[in-house]
Every structure is written in structure tokens, then in C-alpha cells.
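Visitor: Sequence order for the protein chains is A, B, C and D.
Residue 91 in UniProt numbering sits at position 91 of the first sequence; the count goes up by one each step and never skips.
Residue 105 in UniProt numbering sits at position 105 of the second sequence; the count goes up by one each step and never skips.
Residue 235 in UniProt numbering sits at position 235 of the third sequence; the count goes up by one each step and never skips.
Residue 34 in UniProt numbering sits at position 34 of the fourth sequence; the count goes up by one each step and never skips.
From the three backbone atoms N, C-alpha and C, an ideal C-beta is built for every residue, glycine too.
To start, I am sharing the structure in question, which I have written as C-alpha cells.
There are 4 protein chains.
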Amino acid sequence: MVIKVAIAGPRGRMGKAAVETLIKDKAFLLVSVLDHKKEEDFLGDNIPIYTSLKELIYQTKPDVLVDLTVPSCVYEHTITAIENGVRPVIGTTGFTDLQLEEIRNKVEEKEVGCIIAPNFSIGAVLMMKFSQMAARYLPNVEIIEMHHDQKVDAPSGTAIKTAQMIHEERNAFEQGHSDEKELIEGARGANVNGMHIHSVRLPGLVAHQQVLLGGEGQLLTLRHDSFDRTSFMSGIVLSIHEVMKQNTLIYGLENLIF
Amino acid sequence: MVIKVAIAGPRGRMGKAAVETLIKDKAFLLVSVLDHKKEEDFLGDNIPIYTSLKELIYQTKPDVLVDLTVPSCVYEHTITAIENGVRPVIGTTGFTDLQLEEIRNKVEEKEVGCIIAPNFSIGAVLMMKFSQMAARYLPNVEIIEMHHDQKVDAPSGTAIKTAQMIHEERNAFEQGHSDEKELIEGARGANVNGMHIHSVRLPGLVAHQQVLLGGEGQLLTLRHDSFDRTSFMSGIVLSIHEVMKQNTLIYGLENLIF
Amino acid sequence: MVIKVAIAGPRGRMGKAAVETLIKDKAFLLVSVLDHKKEEDFLGDNIPIYTSLKELIYQTKPDVLVDLTVPSCVYEHTITAIENGVRPVIGTTGFTDLQLEEIRNKVEEKEVGCIIAPNFSIGAVLMMKFSQMAARYLPNVEIIEMHHDQKVDAPSGTAIKTAQMIHEERNAFEQGHSDEKELIEGARGANVNGMHIHSVRLPGLVAHQQVLLGGEGQLLTLRHDSFDRTSFMSGIVLSIHEVMKQNTLIYGLENLIF
Amino acid sequence: MVIKVAIAGPRGRMGKAAVETLIKDKAFLLVSVLDHKKEEDFLGDNIPIYTSLKELIYQTKPDVLVDLTVPSCVYEHTITAIENGVRPVIGTTGFTDLQLEEIRNKVEEKEVGCIIAPNFSIGAVLMMKFSQMAARYLPNVEIIEMHHDQKVDAPSGTAIKTAQMIHEERNAFEQGHSDEKELIEGARGANVNGMHIHSVRLPGLVAHQQVLLGGEGQLLTLRHDSFDRTSFMSGIVLSIHEVMKQNTLIYGLENLIF
């Protein structure tokens with residue numbers, strides 16, 4: 001059975017890629033898009049554009065709403081979709097705890113699945129989850145994340161999230177030699193609960209992370225390379241398929257996978 | 001509570017490393033070793049040497065028997081240990097299906113835990129298991145295994161085992177371009193159920209494997225480096241602790257971990 | 001002094017990227033382009049389009065001609081440029097030995113520099129040249145090249161070229177164990193003068209190569225990752241600067257660099 | 001022609017490995033060793049032990065003296081060897097500038113080759129030298145060095161030396177985004193002339209370094225793994241062969257290789 005999908009935010013970089021992916025995939029029918037303006041048919045494929053989500057749902061009856069818009073709109077979209085029996089797949093972060101609670105209540109009331117994923121890259125989610133699982137047996141961990149040199153913040157959000165997930169599995173302890181000495185400040189990286197994170201910034205790089213877990217005589221390395229934004233598409237496709245089978249709120253792709 | 005351990009096969013390379021590790025670890029007391037000859041106290045630590053397992057058990061009452069001997073002895077050792085309430089931790093492969101069945105029966109009868117692990121390297125086991133789990137979401141897989149150039153067989157046993165484990169999770173399909181052409185024979189490696197395995201042999205290398213899983217715009221790499229045989233020790237230590245809590249037969253470290 | 005440049009073949013993928021790069025770089029002035037048709041000003045920057053190279057040279061007087069057209073035109077362009085005192089930077093391969101000989105003669109006659117580079121990626125050229133240099137001291141070599149799974153031929157041209165360059169520095173010898181045995185055909189890869197080449201093909205990959213040189217107790221790895229075609233631009237920019245200082249024919253970026 | 005070699009400092013870890021290597025190599029004859037005490041024949045191969053270098057030279061007439069002793073003795077050994085026409089191959093660092101000057105004078109006077117190499121690992125020397133050469137074309141550099149967690153100092157001497165060598169080839173400039181911000185202190189590593197060095201410390205690791213050079217759309221990685229101390233042997237063997245052909249002082253293996 002073909003799944004009928006609507007996309008909110010089809011003009012952004014993620015949105016454009018999602019439109020392209022869904023149009024090519026026979027498992028889906030892209031029935032409509034939600035945009036903030038109703039311009040000329042920029043999709044070039046006779047796909048109707050709406051500026052009101054309610055009207056979109058009423059007219060084109062999607063099974064799933066993929067929402068790639070900005071945080072300020074996404075909460076309202078989510079509630080509206082659930083109330084009307086449309087299953088949301090949400091890629092934006094930034095919900096408050098209260099909002100998440102209300103979405104959860106609404107999902108339970110309507111028994112309509114909903115997936116919220118701060119990171120749609122399946123490979124990145126696997127890397128993080130495997131790191132957490134492995135740290136129970138190989139608790140000495142260092143993280144090297146590598147990005148293009150136009151990135152301002154260090155470490156990356158994914159690296160910090162990974163360290164936090166590992167921290168849930170192992171006790172904090174200071175790694176390295178107890179008399180360790182930095183001849184040049186910063187050499188040993190950022191210290192997060194005793195783990196060290198190193199941020200590499202170079203032109204040419206895209207988004208890469210490796211988690212190194214050392215044990216006596218051995219090293220386990222879990223590495224994810226994201227070469228372009230199409231890496232997020234497989235997570236969206238998986239989520240659309242899965243949200244059709246769910247009737248609860250699932251937060252984080254890892255809870256879909258494991 | 002300190003666990004009392006006996007080691008069978010203390011003279012081999014694995015055995016020597018095991019003796020050394022257990023003597024240093026306060027959680028254990030090495031009470032005796034089983035050897036094929038009763039030479040001078042080569043252990044240099046007043047640890048008694050036996051040539052009969054029954055006598056060893058009777059005299060030194062170990063909780064656990066770590067057996068690192070050759071396949072020809074190990075079955076009998078295992079049965080004898082279980083019958084006498086000693087929990088075996090076995091690192092040798094090569095049991096027949098019938099032998100495994102009889103060990104299982106004996107374990108159930110006596111309600112005494114037993115762990116048999118063809119590979120005691122925790123990192124390698126994690127790499128294999130994670131590869132299997134990841135292949136469900138990223139089914140395009142290639143394996144590169146790298147060993148010193150004195151290794152005769154290619155691919156390695158670990159690489160073949162990894163491919164088999166992945167094959168259980170994904171349907172066989174031919175990867176790569178449908179018109180793929182080898183300009184030089186062998187370039188695309190060994191084909192196992194559509195997956196490709198590449199065997200690198202160089203002086204200097206020890207034992208390394210990486211599993212590459214590619215998806216649109218991304219790559220997940222799971223790599224294990226074994227730098228020396230001490231890499232097996234952490235798996236033996238874990239198994240001794242775990243076998244004390246078990247009363248069934250556990251075959252393969254992955255079934256202890258996951 | 002600003003260098004005046006003309007580009008032949010501005011509509012192809014390489015050509016477009018070159019136009020973009022040169023317009024942004026203050027060291028250059030893009031004075032004109034040579035195209036097979038004189039369409040509307042697709043460059044959107046008032047840069048004149050010519051369909052005749054002679055007219056282009058006569059009217060816009062470039063110092064350098066960057067030629068990114070197809071092999072069938074490029075020889076004639078090169079000769080015409082040199083005859084008129086314009087220095088060619090050529091990225092197309094496929095000259096015959098006779099053509100190269102005639103270009104060399106023309107260059108010497110006119111004392112006008114000319115650079116022909118089959119590969120404009122500086123990183124790839126460095127990787128190849130370093131591999132050749134290192135193989136003198138670490139003669140055991142394996143090559144792993146990795147590309148997207150839409151590539152038909154294996155091994156890649158770069159991998160074969162690398163093996164040939166290394167072969168010039170070391171005697172052919174069979175690497176690996178003398179009794180080496182492939183349990184599955186192809187495991188040890190393609191054999192080129194005793195070196196082994198392994199071709200990995202996965203979705204998500206772009207163009208990557210690593211050269212591994214093993215010695216007793218050590219491994220030297222030279223790796224190049226090409227993430228997108230802009231990787232060729234730095235080689236073109238370097239060549240434009242260098243061709244202004246030369247008055248001979250230089251074939252291959254490595255002869256500019258070393 | 002077989003080269004007659006004496007080793008000073010045969011009891012240390014490097015010394016033992018050197019004795020073993022030279023005994024096995026048909027190109028060499030180990031004629032004697034210099035030790036601080038004349039104990040029982042610990043070499044087990046009828047190789048005479050001396051405590052005086054002059055007597056050693058007089059009695060066993062070596063062509064080459066490989067000196068692996070401590071800095072306090074090595075200067076005197078070097079001068080004595082040269083004065084007696086024996087060619088020194090020196091692996092200890094720590095000469096003063098004045099001492100180096102006097103060794104150079106003595107070498108010129110006697111026209112006897114002498115090689116002093118702070119690092120005998122050919123692979124490490126190649127990595128450093130290639131990094132320096134490549135930085136001219138790809139000036140954005142980050143260094144990741146990885147060692148076992150019993151190492152006290154960070155960064156490693158090799159990493160600092162590499163950065164210094166690169167600094168000779170490129171102007172200092174601050175890499176990364178001009179508004180770069182460390183969310184956690186140390187994330188961006190140690191800053192050496194604008195280059196960033198990251199020090200990873202994990203159990204299991206031996207001695208590894210990678211130099212990453214990024215350019216638009218590409219990455220060049222030069223990596224050296226030292227798995228055990230035999231990695232130094234190939235450099236010593238090369239030096240013994242080369243010192244026989246030289247009649248000057250050569251400081252640093254890179255000056256032998258390039």
C-alpha cells in the first residue's frame with residue numbers, strides 16, 4: 001500500500017532533498033506541501049501547495065506529515081496533525097518539556113504514531129548507540145569529531161551527545177596517566193566526565209566523527225562520515241514506514257532501531 | 001568474594017598471558033594449573049601443578065576452570081569440571097555438535113554455568129555484532145581485514161564469520177554496479193552472498209578488521225585493531241565473573257554481552 | 001599583476017566550477033570564454049563568449065588559456081594558443097605521443113610555458129608521488145581504493161597509475177606468504193607486479209584511496225579523500241600561476257610540485 | 001662485502017633488538033659489544049663483551065659502531081670511534097651544539113662518515129617530511145597523535161617536531177573560523193603557530209600519528225603506526241649500509257632519504 005505523504009517546509013535544503021527523494025520512491029505518494037507562501041508551482045510536478053495545514057489535510061488527506069520547518073511553527077503543526085489523524089515525522093529539535101508532554105498526551109488520546117528525531121542520519125545514530133553499548137566493556141573512550149572550518153562551535157552537538165550517552169553507561173573517571181601533563185595547553189582536548197573530545201576543523205571536511213574505545217592490546221573504532229545532506233534521507237524514509245505501524249510517541253531514531 | 005581459578009594449559013602463549021593476568025588481579029586467586037607434565041615450578045609463585053584434573057579439583061577446589069588447551073583434551077576436561085561443580089570457561093573451538101549437546105545436557109543436570117567462546121576479544125565480538133545490527137539499516141557492506149604477511153589463509157576466519165552473521169540479517173544481493181567490470185582479476189575481492197571481502201597482508205600488521213557500511217551520503221565504519229594477544233584477556237576476565245552468575249551453557253561472548 | 005585568463009569549455013561540470021573560482025579570485029581576470037555555441041550570456045557577468053579561439057585571443061588578449069573541453073578539440077586549441085603566445089593549462093588527457101611531441105616542439109620554438117595535467121587534484125598527486133618515494137624504503141605495498149557503487153571499472157585509473165609509479169622504484173616481487181591460499185577467490189585482490197589492489201564500491205562514497213606501506217613493526221598510510229569536484233580547483237589555480245613562470249612543456253602536476 | 005659492526009649498549013630494549021636483528025642479517029657480522037659491566041656471556045653467541053671502547057676497536061676492528069647508550073657516554077664514544085676510523089651510527093639525542101660542531105670537525109678531518117638520527121623509524125621520518133612538503137600546497141593542517149595511556153607528556157615530541165617542520169614551509173596563520181568558540185575548553189587542541197595538535201591517550205594504543213591536510217573538496221592524510229620497537233630496526237640497518245658510503249656528518253634520517 002502506497003503511503004500518502006505531505007511535507008512542511010519544502011523550500012529549505014532538507015526540504016528540497018526530501019521532496020526529491022519521496023517523488024522517486026514508489027512506496028510513497030507526495031500529495032501536497034505546506035509552505036509559508038503560495039508561489040508559482042516551484043516543484044514542477046503539479047503538487048499542490050498550501051499555506052494552511054488544516055486545509056492541506058482536509059483537501060489532500062495525507063497519512064503522514066513530514067515536518068522540516070523552523071521550531072516556531074512545528075509544535076502547532078504537530079498537534080494539528082495528530083488531532084486530525086495524520087502521523088507526524090518531525091526533524092526539528094527545540095521542543096520544551098511541556099510541549100513534549102502535551103504531544104505525548106495527544107498521541108495517546110488519538111492512538112496515532114508520532115516520531116520526533118533530532119538526528120535523521122541512521123549511521124550517526126548507530127555510531128552513538130554502539131558507542132554507548134561498547135563503553136560498558138571498554139570504558140576508556142576518546143572522541144574525535146571533524147568538520148569543515150566554517151563551523152563556529154566546538155565540540156559539535158553530536159560529540160557532546162555521544163559523551164552524555166556514554167556517561168549513562170559508565171562511571172565518570174579520569175582517563176589517562178594520573179600525572180598527565182599538557183606541554184601545550186589544550187593538547188588533551190575537552191574533558192567531559194573524564195572522556196576527552198577533540199575537534200578538528202579543516203577546509204574540505206564535511207561532518208565526521210570517530211569514537212575510539214581502547215582496551216588492553218586492542219582498539220575499537222566506531223566512525224561515521226556524513227558526505228552530504230542526503231545522508232538524512234534514509235532516516236526520514238525509515239521513519240515514514242515505521243510511524244505507520246506505531247501508536248505511541250517515539251523520541252530519537254535510536255528508539256526505533258533498538 | 002575472591003574467585004578461585006585453575007588454568008589448564010598454562011604453558012602456551014595464551015596460557016602464559018592468562019596466568020600473568022590472573023595473578024595480578026585481586027578479584028581472583030589462581031589456586032592451581034593443569035599441565036601435561038609436572039616440571040619444576042616454572043610459574044615461580046608456588047602455584048601447584050597437576051597432571052590429573054580430578055586430583056586438581058579434589059585438592060585445590062577451584063570455582064572456575066579456564067581451559068586453554070588443545071581441542072583433543074578440552075571436551076573431557078569440560079565434562080569432568082561440570083560433574084564436579086567447577087564452572088568451565090573454554091577458549092578452544094572444535095567441539096562437534098554432539099559434544100556441545102552433551103555439554104549442554106550436563107550443564108542443565110548440574111545447574112552449573114559454562115562459557116565457551118571461540119573468540120575472547122571483546123572488541124572483535126562487538127565489531128561483529130554491531131555489523132550485524134547495522135546491516136539491517138545499511139545493507140551495503142564491504143569488509144577489509146588486514147593481517148601480517150605470515151598469515152597463509154585469506155580471508156580470515158573472523159571476516160568470514162562476520163559476513164555470515166550479516167547474511168542472517170539481510171537478504172543476499174549483488175552489491176555494486178550491475179555492469180561492474182574487473183580490469184584486473186580479483187580487484188573486487190571475495191564475494192560472499194554479494195558482500196565483498198578484501199584481505200590485506202603486510203609485514204608490521206598484527207590483526208585488524210574494518211567493516212564498511214555505506215548509505216546515501218554516508219559511511220559507517222566499524223573497526224577493530226588487535227595489537228597483541230593481551231587483547232584476549234579482558235574477555236577471559238569478563239567470562240570468569242559472568243560464569244559465576246550463570247547456570248546455563250553460553251556459546252559465544254556475544255551472548256554474554258547482548 | 002593580475003593574470004588575464006580565458007576558459008575553453010565553460011559549460012561542463014569542471015568548466016562551471018572553474019569559472020566560479022576564477023571570478024572570485026582577485027589574482028585573475030576572466031577575460032573571455034570559448035564555447036561551441038554563442039548563447040545568451042549564461043555567465044551573467046558580462047564575460048564575452050566566443051566560438052573561435054583565434055578571435056577570442058585577438059579580441060581579449062588572455063595570458064593563459066585554461067582548456068577543459070573534450071579531447072577532440074583540445075590539441076588544436078593548444079597549438080593555436082601557443083602560436084599566439086597564450087600559455088595553455090590543459091586538463092584533458094588523451095593526447096597521442098605524436099601530438100605531445102609536436103606540442104613540445106611548438107613550446108620550445110615559441111618559448112611559452114604549457115602545463116598538461118591528467119589529474120588536477122593536488123592531494124591525489126601528492127599521495128601518488130609520496131607512495132613512490134616511500135616504496136624505496138618500505139617496499140611492501142597494498143592499495144585500497146574506494147568509490148561510489150556507480151563506478152563500473154575496477155581498479156580505478158588512479159590506483160593503477162599509483163602501482164605503476166611504485167613499480168618504477170622497486171623491483172617486482174610477490175608479497176605475502178609464499179604458501180598464501182585464497183579460501184574464497186579474489187580475497188587477495190588484483191595483483192600488479194606483486195602489489196595488491198583492492199576496490200571497494202559502496203553507495204555514499206565519493207573517491208578515496210589509501211596506500212599502505214608495511215615494514216617490521218610499523219605501517220605508513222597515505223590517504224586521499226576527494227569529497228567533491230572542487231578538489232580540482234586548487235590544482236588549476238596553481239597551474240595558472242606556474243605556467244606564467246615557465247617556458248617549457250610540463251606534463252603532470254607532480255613535475256610542477258617536486 | 002660483510003660489514004663488521006659493534007654495538008654499544010646491548011642490554012637496553014633497543015640494544016637487545018639491535019643485537020637480534022644484526023645476528024640474523026647476513027650482510028653484517030656482529031664482532032663485539034660495549035657494555036658497562038663484563039658479565040657472563042648474556043648474548044649466548046660467543047660475542048665478546050668489552051667495557052673499554054678503545055680496546056674493543058683495537059681487538060675486534062669493527063667498520064661501524066652502533067651506539068644506543070645514554071647521552072652521558074655517547075659523545076665520547078662518537079669522538080673515539082671517528083678518531084680510530086670507525087663509522088658511528090648514533091641513536092641517542094641530546095648533543096649540545098658545541099658537541100655537534102666538534103663531531104663535524106672530527107668527521108671532516110678523518111673523512112669518516114657519521115650518522116646521528118634522533119628517530120630511527122623510517123616510516124615516522126617519511127610521515128614528517130611528507131607533511132612538510134605537502135603543507136606548501138595544502139597549508140591547513142591538524143595533527144592527531146595517539147599513544148598508550150601511560151605516556152605522561154602531551155603532545156608527543158614527534159607531533160611538536162612535525163609542527164615545527166611544517167612551520168618552516170608555511171607562514172603562521174590562524175586556522176579555522178575567525179569566530180571559533182570552544183564550548184568546552186581544550187576542544188580545539190594545542191595551538192602551534194596556528195596548527196592544532198590533538199593528543200589521544202588510551203590503553204591498548206602503542207604509538208600512532210596522523211597529519212591531516214585539508215583543501216577545498218579534499219583531504220590528504222599521512223599516518224604512521226608504530227606497533228612495536230622493531231620499527232626502529234629498519235632505520236638502523238639502512239644507516240649502517242649508508243654510513244659506509246659517506247664521509248660527512250649526516251644529522252637526521254630525512255637527510256639520508258631525501
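Please report whether the beta-carbon of residue 227 of chain B lies at a distance below 8 Å from any beta-carbon of chain D.
Guide: By this cut-off, residue 227 of chain B is an interface position.
Visitor: Specify the secondary structure class of residue 127 of chain A as computed by DSSP and reduced to three states.
Guide: In this structure, residue 127 of chain A counts as helix in the three-state DSSP scheme.
Visitor: Indicate whether the contact test is met: 3 or more Cβ pairs, each with one atom in the region 226-237 of chain A and one in the region 107-124 of chain A, closer than 8 Å.
Guide: Touching, yes.
Visitor: Considering only C-alpha positions, which residue in the set B:115, B:101, B:195 is nearest to residue 144 of chain B?
Guide: Of B:115, B:101, B:195, the residue nearest in Cα terms is B:195.
Visitor: Roughly how far, in whole angstroms, is the beta-carbon of residue 34 of chain B from the beta-carbon of residue 8 of chain B, given that I think they are within contact range, below 8 Å?
Guide: The pair is a contact, with the Cβ atoms about 4 Å apart (cut-off 8 Å).
Visitor: For the region 204-220 of chain B, list every residue whose C-beta sits within 7 Å of some C-beta in chain D, in sequence order.
Guide: Result list: 204, 206.
Visitor: Note down, in chain order, all residues in the region 176-191 of chain C with a beta-carbon under 8 Å from any beta-carbon belonging to chain G.
Guide: Note that chain G does not occur in the displayed structure, where the protein chains are A, B, C and D.
Visitor: Measuring CA to CA, which of B:138, B:230, B:200 is closest to residue 205 of chain D?
Guide: Of B:138, B:230, B:200, the residue nearest in Cα terms is B:230.
Visitor: Taking the straight line between their C-alpha atoms, what separation do you get for residue 217 of chain C and residue 54 of chain B?
Guide: Spanning the two alpha carbons is a distance of roughly 44 Å.
Visitor: Would you check if the distance between the CB atom of residue 51 of chain A and the CB atom of residue 38 of chain A is smaller than 8 Å?
Guide: Yes.
Visitor: Identify whether residue 255 of chain D lies in helix, strand or coil by the three-state DSSP scheme.
Guide: Helix, per DSSP.
Visitor: Does the beta-carbon distance from residue 234 of chain C to residue 115 of chain C come in below 8 Å?
Guide: For residue 234 of chain C and residue 115 of chain C, no; Cβs fall outside 8 Å.
Visitor: Jot down the residue ranges of each uninterrupted beta strand (DSSP E) in the UniProt domain "Dihydrodipicolinate reductase N-terminal" (3-120) of chain D, minimum 3 residues, whole runs only, in chain order.
Guide: Qualifying beta strand (DSSP E) stretches, in chain order: 3-8, 28-34, 64-67, 87-90, 114-116.
Visitor: Would the beta-carbon of residue 136 of chain A fall within 8 Å of that of residue 169 of chain A?
Guide: It is a contact, given that the beta carbons lie within the stated cut-off.
Visitor: Which bits of chain C does residue 118 of chain B rub up against, with CB to CB less than 7 Å?
Guide: Per Cβ cutoff of 7 Å: no residues; residue 118 of chain B is ~17 Å from chain C at best.
Visitor: Helix or strand or just coil, what does DSSP make of residue 243 of chain B?
Guide: Helix at residue 243 of chain B.
Visitor: Tell me residue 153 of chain B's beta-bridge partners as DSSP assigns them.
Guide: Answer is C:181.
Visitor: How long is the line joining the alpha carbons of residue 286 of chain B and residue 155 of chain B, rounded to whole angstroms?
Guide: What the structure shows of chain B is the stretch from 1 to 258, and residue 286 of chain B is not part of that stretch, so it cannot be assessed.
Visitor: Can you give the Cα-Cα distance for residue 208 of chain A and residue 21 of chain C, rounded to whole angstroms?
Guide: Cα to Cα, residue 208 of chain A sits roughly 26 Å from residue 21 of chain C.
Visitor: By Cβ distance below 8 Å, which residues in the same chain neighbour residue 111 of chain C in space, the five residues on each side in sequence not counted?
Guide: Hits under 8 Å: 247.
Visitor: So, does the CB of residue 68 of chain C fall closer than 8 Å to a CB anywhere in chain D?
Guide: No, residue 68 of chain C lies away from the interface with chain D (no Cβ there is under 8 Å from its Cβ).
Visitor: According to the neighbour-count rule (16 or more other Cβ atoms, all chains shown, within 10 Å of its Cβ), is residue 24 of chain C buried or exposed?
Guide: Residue 24 of chain C comes out exposed.
Visitor: Cβ closer than 7 Å: which chain B residues qualify as neighbours of residue 130 of chain A?
Guide: 130, listed in chain order.
Visitor: At a Cβ cut of 8 Å, what residues of the UniProt domain "Dihydrodipicolinate reductase N-terminal" (3-120) of chain A count as close to chain B, listed as they run along the chain?
Guide: Against chain B - using a Cβ distance shorter than 8 Å - the UniProt domain "Dihydrodipicolinate reductase N-terminal" (3-120) of chain A contributes no residues.
Visitor: Let me see if you follow: with CB-CB separation under 8 Å, is residue 198 of chain A close to chain D or not?
Guide: Yes, its Cβ sits closer than 8 Å to a Cβ of chain D.
Visitor: For residue 166 of chain A, would you say it is in contact with chain B, using Cβ-to-Cβ distances shorter than 8 Å as the test?
Guide: With 8 Å as the cut-off, residue 166 of chain A does not count as an interface residue toward chain B.
Visitor: Counting beta carbon pairs with one atom in the region 85-97 of chain B and one in the region 62-73 of chain B, are three or more of them shorter than 8 Å?
Guide: Yes: the two stretches touch, three or more of their Cβ pairs being nearer than 8 Å.
Visitor: Only counting the same chain, and skipping five residues up and downstream in sequence, which positions put a Cβ closer than 7 Å to that of residue 74 of chain C?
Guide: Only 67, 90, 92 meet the Cβ criterion.
Visitor: Buried or exposed: which applies to residue 71 of chain B, given that a residue is buried once 16 or more other Cβ atoms fall within 10 Å of its Cβ?
Guide: So residue 71 of chain B counts as exposed.
Visitor: Mind listing which residues of the region 129-162 of chain C have their C-beta closer than 7 Å to chain B's C-betas, in chain order?
Guide: If the cut-off is 7 Å between Cβ atoms, the region 129-162 of chain C has 140, 142, 144, 149, 150, 151, 152, 153, 154, 155 near chain B.
Visitor: From the beta carbon of residue 202 of chain C, is the nearest beta carbon of chain B less than 8 Å away?
Guide: So yes, residue 202 of chain C belongs to the interface.
Visitor: For residue 113 of chain C versus residue 243 of chain C, is the C-beta distance shorter than 8 Å?
Guide: Yes, the Cβ-Cβ distance between residue 113 of chain C and residue 243 of chain C is below 8 Å.
Visitor: Pairs of beta-carbons, one from the region 175-191 of chain C and one from the region 180-192 of chain B, closer than 8 Å: are there three or more?
Guide: A contact exists between the region 175-191 of chain C and the region 180-192 of chain B.
Visitor: Where does residue 224 of chain C sit, in a helix, a strand or coil, going by DSSP?
Guide: It is a strand residue.
Visitor: Mind listing the chain C neighbours of residue 257 of chain D? Cutoff is C-beta to C-beta under 7 Å, in chain order.
Guide: Per Cβ cutoff of 7 Å: 137.
Visitor: Within the continuous beta strand (DSSP E) that includes residue 231 of chain A, where are the two ends?
Guide: Run containing residue 231 of chain A: none; DSSP gives neither H nor E here.
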